[in-house]
Each structure stands twice: as C-alpha cells, then as structure tokens.
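Numbered according to our numbering, the sequence shown spans residues 731 to 871. All remarks here apply to the structure that follows.
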Amino acid sequence: MGIEWAMGYAGGVVIGIAVSLMLLWNGRVTGVSSIVYGVLVPTKGDLAWRWYFIAGLLIGGLSLKVTAPELLAAELQTNSWIGAIAGILVGFGAMLGGGCTSGHGVCGVSRVSPRSIVATIVFMAAGMAAVVLLRKTGLYI
C-alpha cells in the first residue's frame with residue numbers, strides 16, 4: 731500500500747494552497763472553464779493572467795510527461811468518439827451549471843456556497859450515472 735494515500739493528501743493541499751493564492755492575489759475563483767471562456771470571449775484588460783494560467787497548466791503537464799511519463803501512461807478505456815462527445819457535454823454542462831468542478835467543487839464548496847454544493851452533488855451524481863449507463867450498454871470497458 732505504501733504512501734499512495736499521502737500523495738492524494740499532498741495533492742489536495744497543493745490544490746488548496748494554489749486556489750487560495752489565486753483568490754488572495756487575483757481576487758478570482760480558480761474555475762478553469764471560466765478562465766478558458768474568458769480567453770475565448772475576452773474582456774479588455776482581463777486577458778493576460780488567463781493566458782498565464784493556461785500556459786502554467788500546459789507547462790505543468792508537459793514537465794510531468796518529461797520527468798515522470800509513467801504517471802501519465804493511461805490507456806483509453808472507451809472509443810475516441812465517446813470521449814469527444816463527453817468533452818462537448820462537459821463543456822455544455824459547465825456553461826449550464828455556471829462553472830466547472832474546479833470552480834464549484836474545489837473553490838465553491840470550500841467557501842460553503844450553497845449553489846456550489848448543489849452543483850457538485852449534481853456533477854458527482856451525473857458522473858456516476860454516466861459510468862453505470864455506459865458500462866451497462868457496453869460502450870465503456
């Protein structure tokens with residue numbers, strides 16, 4: 731079993747510190763869908779920090795791929811077209827729900843926002859239902 735559980739806790743602490751610093755320094759909630767939306771539909775004077783944030787996500791992922799590729803060696807367990815449809819549905823759901831899991835689930839729940847708590851419960855329930863449905867239909871291995 732080792733220290734796998736400790737890595738999860740450490741990751742949670744790092745995420746908590748990062749979103750707290752974002753709120754403290756920038757006055758913004760770290761909702762990735764809203765950050766990306768702000769790049770796609772820009773507001774004057776509110777663009778640079780969004781690009782820096784997105785660049786940081788990409789650089790972090792690429793550095794992990796270079797330094798520890800085995801951590802990212804995951805095999806897709808479904809068809810690519812299902813993944814593409816899922817991505818579109820996630821984007822639509824984020825717009826419909828007024829944010830994504832990072833905005834509601836990490837930042838909103840920690841601020842005890844009733845709207846975010848309900849949204850997070852709905853996200854989790856919908857995700858669980860989707861897995862059950864896809865496994866029952868054979869579309870998910």
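Backbone N, C-alpha and C define an ideal beta-carbon position, used for all residues, glycine too.
Taking a contact to mean a Cβ-Cβ separation below 7 Å, would you say residue i touches residue j in this structure?
i: A849; j: G827; result: yes
i: V771; j: C837; result: no
i: S832; j: G761; result: yes
i: L802; j: K795; result: yes
i: V839; j: I851; result: no
For a test of the three-state rule: what should DSSP assign to residue i, helix, strand or coil?
i: T773; result: coil
i: T808; result: strand
i: R780; result: helix
i: V749; result: helix
i: A798; result: coil
i: A814; result: helix
i: T831; result: helix
i: G736; result: The sequence shown places Ala at residue 736, not Gly. DSSP places A736 in helix when its eight states are reduced to three.
i: V743; result: helix
i: G786; result: helix
i: G761; result: coil
Go to residue i, then tell me how far its alpha helix (DSSP H) extends in each direction, as first and last residue.
i: P844; result: 844 to 867
By the 10 Å Cβ neighbour count, where 16 or more other Cβ atoms means buried, how is residue i classified, buried or exposed?
i: I789; result: exposed
i: A748; result: exposed
i: G791; result: exposed
i: G829; result: buried
i: F783; result: buried
i: R954; result: Given a span of 731 to 871 for the chain in the structure shown, any question on residue 954 remains unanswerable.
i: A860; result: exposed
i: A798; result: exposed
i: G768; result: buried
Can you round the beta-carbon distance between residue i and residue j to whole angstroms, since I take them to be within the 8 Å contact cut?
i: G873; j: L806; result: The question about residue 873 has no answer, for the chain in this structure spans 731 to 871.
i: A824; j: S763; result: 4 Å
i: W779; j: N809; result: Contact flag wrong, Cβ pair sits at about 37 Å.
Answer with yes or no whether the minimum CB distance from residue i to chain C is below 7 Å.
i: Y767; result: Checking the listed chains, one finds no chain C in this structure; it contains a single protein chain.
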